[in-house]
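Taking it in order: structure first as structure tokens, then the write-up.
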Amino acid sequence: SVIVVGPSLSLHRCGLPREIAIELFQTFVIRGLIRQQLASNIGVAKSKIREKEPVVWEILQEVMQGHPVLLNRAPTLHRLGIQAFLPIFVEGHAICLHPLVCRGFNADFDGEQMAVHVPLSL
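Written as structure tokens, this is what we have:
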């Protein structure tokens, strides 16, 4: 996804749009729905996610608090080309980053794209 400036973010945070966040954390949200007995099986949980029920956003918020994401800007030529951040929801369709972390990515907000990865285990 395209990156944009987010000067109000902390240095260790990135902003993810809801559509990207729900795709990335879908398996964790499904598990949360089943554990809280809000869905009886995976199919029911997926339909709740598709219908964007309010409980889905609450569970997604809880899941995101404990899971960092990895942001990668290709080509990854050195160790700062991929960095970990704690995600928060933002409006829009672009990933938000604090301007001071962009030097490591060699990014300058002129249309660069970054990949977002979610580690399955911590």
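Residue numbers for the sequence shown follow full-length UniProt numbering, so the first one is 1 and each next one is one higher. Note that beta-carbon positions come from the ideal geometry of N, C-alpha and C, so glycine has one too.
For residue i, three-class secondary structure by DSSP
i, result
"residue 103", "helix"
"residue 73", "coil"
"residue 87", "strand"
"residue 11", "coil"
"residue 33", "helix"
"residue 80", "helix"
"residue 24", "helix"
Assigned exposure category for residue i - 16 Cβ within 10 Å defines buried
i, result
"residue 89", "exposed"
"residue 100", "exposed"
"residue 52", "exposed"
Cα-Cα separation between residue i and residue j, rounded to whole angstroms
i, j, result
"residue 80", "residue 106", "9 Å"
"residue 32", "residue 70", "22 Å"
"residue 85", "residue 12", "5 Å"
"residue 103", "residue 76", "13 Å"
"residue 72", "residue 37", "36 Å"
"residue 112", "residue 19", "19 Å"
Terminal residues of the alpha helix (DSSP H) in which residue i lies
i, result
"residue 54", "54-65"
Where the beta strand (DSSP E) containing residue i begins and where it ends
i, result
"residue 39", "Premise fails: residue 39 is in no beta strand (DSSP E) and is neither H nor E."
"residue 126", "Since the first residue of the chain shown is 1 and the last is 122, residue 126 is not available in this structure."
"residue 97", "95-97"
"residue 5", "3-5"
Proximity winner among the options, relative to residue i (alpha-carbon distances)
i, options, result
"residue 3", "96, 120 and 37", "96"
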